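Each residue of the sequence shown is one higher than the last, beginning at 0 in numbering that gives the first Met the number 0. What follows is one structure encoded as structure tokens, with my remarks underneath.
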Amino acid sequence: MAAKIISGQEIAGQVYAELRERLRRLQERGIVPGLAMVRVGQDPASVSYMKQKEKSCQEVGIRSETIVFPEDTPETRLLEEIQRLNTDPKFHGIIVQLPLPRHIDARKVIEAIDPKKDVDCFHPANVGKLFIGEPYLLPCTPHGVWQTLLRSGYSPEGKHVVICGRSNINGKPLFAILIQKKAGANATVTVCHTGTPNLAYFTRQADILIAAMGAPRAITADMVREGAVVIDVGVNRVPDPTKKSGFRLVGDTDFEALVEKVEAITPVPGGVGPMTVAMLLWNTVTACEAQVSLR
Ligand code: GUN
């Protein structure tokens with residue numbers, strides 16, 4: 000039987016309904032959450048992601064501003080802008096879209112963001128809080144994966160979750176979220192990476208398999224067991240001459256083959272992507288609520 004296809008789009012819609020309610024309560028106090036988004040250069044994927052983030056902010060009622068710097072902007076100029084945004088009370092969240100040009104030290108830039116406004120949850124202070132089990136906010140894509148599992152009826156509680164990929168943005172924080180001693184988490188987690196010999200040996204043991212290694216269609220049908228739940232975090236552009244753009248998006252799994260074998264799977268696009276955006280908005284509202292209650 001073909002797998003259930005988990006729609007991130009649909010689940011994001013539920014999240015937006017909940018956010019509108021929280022926004023209404025803030026509005027009663029005259030407060031509108033604000034998100035500042037900074038980009039350096041014109042990386043096509045970054046341009047596309049930021050447009051989606053902007054559009055979703057507009058739809059839900061969050062004030063957003065996109066600030067674009069030219070590719071050759073000095074690091075000091077970017078750091079100055081972050082200082083300005085840190086002290087601007089209109090903005091409760093700040094993100095700097097990655098990747099940055101090579102002459103800019105991304106770590107320095109991330110560390111310049113006020114941790115209270117760090118809605119990506121990339122700042123070491125916030126990563127540290129997450130790893131000691133006292134999170135302020137959760138990073139957007141990993142949080143989106145977790146919410147996708149919970150809201151589609153596949154709680155990771157007590158399950159063996161196998162994560163492929165150990166990036167700071169996805170694999171590592173996903174591990175920290177899913178091992179939390181907390182209802183809805185409490186998973187047993189294996190993290191595989193480029194140093195893992197015989198990847199399939201591990202992936203075949205997964206109740207829940209999370210593909211986040213950034214390798215197009217790398218997880219094939221022989222690497223999963225029947226009945227597994229598969230979350231595909233990959234977003235890869237592959238050449239496709241039949242498309243006007245010249246490319247199409249594929250995930251890190253061989254979706255067409257897996258859909259015939261597994262219990263449930265997220266598509267690319269329309270799976271984790273919309274949930275990443277939804278959780279960014281969630282974090283902006285949460286950061287706003289935390290900041291206004293401190294005043
Ligand atoms: N580049 C790819 N994903 C992300 C993300 O979630 N946040 C930022 N700031 N940059 C990214």
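Even glycine gets a Cβ: it sits at the ideal position worked out from N, Cα and C. Here the structure is a predicted model, which is why all the values come from computation and not from measurement.
query = Can you name, in chain order, every residue of its own chain whose Cβ lies under 7 Å from the Cβ of Leu97, other than the five neighbours on each side?
reply = So the list reads Ala105, once near-sequence residues are dropped.
ask   = If you scan the stretch 238-265 from start to end, which runs of the alpha helix (DSSP H) of 4 or more residues do you find wholly inside it?
value = 254-257
query = So with Cβ pairs under 8 Å, would you call His192 a contact of chain D?
reply = The question asks about chain D, but that chain is absent: this structure has only one protein chain.
key: Contacting residues, own chain, Cβ-Cβ under 8 Å from His192 (five flanking each side not counted)   = So the list reads Cys163, Gly164, Arg165, Gly170, Met212, once near-sequence residues are dropped.
inquiry  = Would Ile264 and Ile5 be called neighbours here (beta carbons separated by less than 8 Å)?
reply    = yes
query = Taking C-alpha atoms, which residue in Glu110, Val126, Cys139, Asp239 lies nearest to Asp119?
reply = Cys139
inquiry  = Here's the rule I'm using: 16 or more other beta-carbon atoms within 10 Å means buried, otherwise exposed. How should Ser47 be labelled?
reply    = Under this definition Ser47 is an exposed residue.
8 Å Cβ cutoff met for Ala44 and Glu259 = No. Outside cutoff.
task = Report the three-state DSSP secondary structure of Ser63 (helix, strand or coil).
result = Looking at Ser63 - three-state DSSP - the assignment turns out to be strand.
key: Within the stretch 81-116, ranges of the alpha helix (DSSP H) (whole runs, at least 4 residues)   = 105-111
inquiry  = Checking the sheet assignment: what are the DSSP bridge partners for Lys3?
reply    = Ala263
ask   = To the nearest angstrom, how far is it from the Cα of Asp206 to the Cα of Lys50?
value = 35 Å
request  = May I ask whether a heavy atom of the ligand GUN can be found less than 7 Å away from the beta carbon of Gln96?
outcome  = yes
ask   = The alpha helix (DSSP H) spanning Ala199 covers which residue range?
value = 198-202 is the span of the alpha helix (DSSP H), which, as asked, contains Ala199.
Exposure of Asp117, with buried meaning 16 or more beta-carbon neighbours within 10 Å = buried
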